[in-house]
Amino acid sequence: MSDTHRAIDAVWRIESPRLIAGLMRIVRDVGLAEELAQDALVAALEQWPESGVPDNPGAWLMTTAKRRAIDLVRRQQRLERKVEEIGRDLELGGAGSVPEPEAFVVDDHIGDDLLSLVFTACHPVLSTEARVALTLRLLGGLTTPEIARAFLAPEPTIAQRIVRAKRALAKAKVPFEVPEGAELAERLSSVLEVIYLVFNEGYSATAGADWMRPELCADALRLGRILAELVPKEPEVHGLVALMEIQASRTKARTGPTGEPILLLDQDRGRWDQLLIRRGLTALERAETVEGPRGSYTLQAAIAACHGRARTAGETDWERIADLYAELATVSPSPIVELNRAVALMMAFGPEAGLEHLGGLADEPSLRSYHLLPSVRGDFLSRLGRLEEARAEFERAAALTQNERERALLLERAEACELP
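In my numbering, each number is its position in the sequence shown, counted from 1, plus 182.
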């Protein structure tokens, strides 16, 4: 790949969301907006190798794409007027005249357009999988093959998912706008869910040979940072950004030389990215400056901050983390929160306390196939010296996980439980 083509690829990743958002204001069709943006990209691929990369490549792409969009709209308007003219002629039996169309005015409100595109791509009319794929395509600038590789899905499956999502938006006539009032809070929750789903898939891959896919974490972080600038008065947006920043700070320490997982308490904290931690703590402070009860993402960020502030694993304030999980359980109750709370109780008060809390999750239907439940139980049992029981739990967890790296780690822990 030439330097120019690499530059075009980098520019496209950065500028494509703004480009598509600006075009959506004109054509009001997400599929058509993406096609016009792609046309501008093709024009760049044809012209820039000869003319060189412009001083402002984003503006060049926007100007090129908007010209084509305006030409398209004008052609449609002329066609519609011609049809109306013919209809009047047929009704009146004579010739009619139609004034020339007014010049098409394009407002440059790229911040509003970009936010409208976020809410469009994450509209509840779409399934969760479709929202994730469309968001990565329109706002992350990823190609269909890249999305397919990231989620270990066949490329035709992802392509069809994106096509169906665009059709569903068009069929439902989803407005290109930022919702207001109560609808804003509901829709914003959907947007945050999509961004965090993308981040989590990168942070702990559900399947495949790699435990992490850092490029997905980076895409989610970029989307979160953009959203935080677009809606600066929404505390949960800053809470999510804080959570992702602090979690992403551990990326280099989470895997060993051959890609094997390294658990939190065993990580070399000297490899944690202190810049990301500081950014996360700043975002958390922004989230907590708003009066009122803390939301789910802000509470999770506060928990992550307890780890981020601890210079060693032994300095971690586990009692505070247990209290934060108790608060989180009232705000956003779920079996996963209770599972994490059990770990915090174990670290703060001993394995018996953790095991007692786990007892209430034994019959939880949603956790029956969740590998981390037997994994956590195995850890508690091994700390209590009940090695035979612990081994069985680790083996069960290994059978449930779909991630090869995690399976290998769990089997190693099972072998370590062999009685002398």
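Idealized CB from N, CA, C, for every residue including glycine.
{"Check": "Specify the secondary structure class of residue 584 as computed by DSSP and reduced to three states.", "Outcome": "strand"}
{"Check": "Output the residue ranges of the alpha helix (DSSP H) runs that lie fully inside the segment 199 to 247 and measure 4 residues or longer, sorted by chain position.", "Outcome": "212 to 233"}
{"Check": "Is it buried or exposed, residue 625, if we count other Cβ atoms within 10 angstroms and call 16 or more buried?", "Outcome": "As displayed, the chain neither begins before 183 nor continues past 602, which places residue 625 out of reach and without an answer."}
{"Check": "Considering Cα atoms alone, identify which of 512, 472, 517, 522 is closest to residue 486.", "Outcome": "522"}
{"Check": "Going straight from the alpha carbon of residue 355 to that of residue 369, what length do you get?", "Outcome": "16 angstroms"}
{"Check": "Go to residue 537, then tell me how far its alpha helix (DSSP H) extends in each direction, as first and last residue.", "Outcome": "533 to 540"}
{"Check": "Please state the DSSP three-state secondary structure of residue 396.", "Outcome": "helix"}
{"Check": "Tell me the DSSP secondary structure of residue 289 in three-state form.", "Outcome": "The predicted model places residue 289 with a pLDDT of 41, which falls under 50 and marks its position as unreliable, so this point remains unresolved."}
{"Check": "Please report the straight-line C-alpha distance between residue 244 and residue 491, rounded to a whole angstrom.", "Outcome": "43 angstroms"}
{"Check": "Rounded to whole angstroms, what's the CA-CA distance from residue 442 to residue 210? Just pull it up for me.", "Outcome": "47 angstroms"}
{"Check": "Among 572, 582, 294, 364, which has the Cα closest to the Cα of residue 408?", "Outcome": "294"}
{"Check": "Over the uninterrupted alpha helix (DSSP H) stretch that includes residue 342, give me the two end residues.", "Outcome": "337 to 353"}
{"Check": "Taking the alpha-carbon positions, what's the residue 499 to residue 421 distance?", "Outcome": "20 angstroms"}
{"Check": "Between residue 417 and the rest of its own chain, which residues show a CB-CB distance below 7 angstroms, the 5 nearest in sequence each way excluded?", "Outcome": "469, 472, 477, 480"}
{"Check": "Taking only three categories from DSSP, how would you classify residue 443?", "Outcome": "strand"}
{"Check": "Among 538, 529, 555, whose alpha-carbon lies nearest the alpha-carbon of residue 518?", "Outcome": "555"}
{"Check": "What is the DSSP secondary structure of residue 498, counted as helix, strand or coil?", "Outcome": "coil"}
{"Check": "Got a sec? Which residues, its chain only, sit under 6 angstroms from residue 359 by beta carbon, not counting five neighbours each side?", "Outcome": "298"}
{"Check": "Give every residue of the same chain whose Cβ lies closer than 8 angstroms to the Cβ of residue 402, excluding the five residues on either side of it in the sequence, and list them in chain order.", "Outcome": "377, 378, 380, 381, 384, 426"}
{"Check": "Among residues of its own chain, excluding the 5 on either side of residue 235, which ones have a beta-carbon nearer than 8 angstroms to its beta-carbon?", "Outcome": "186, 189, 190, 193"}
{"Check": "Check this for me: beta carbons of residue 319 and residue 467, under 9 angstroms apart or not?", "Outcome": "no"}
{"Check": "Using CA coordinates, which residue listed in 496, 366, 398, 345 is at the minimum distance from residue 329?", "Outcome": "398"}
{"Check": "Within the same chain, show all residues whose beta-carbon is closer than 7 angstroms to that of residue 543, passing over the 5 residues directly before and after it, in chain order.", "Outcome": "517, 520, 521, 549, 555"}
{"Check": "Comparing alpha-carbon positions, which option in 563, 505, 497, 475 lies nearest residue 447?", "Outcome": "497"}
{"Check": "Out of curiosity, what's the CA-to-CA distance linking residue 249 and residue 333?", "Outcome": "36 angstroms"}
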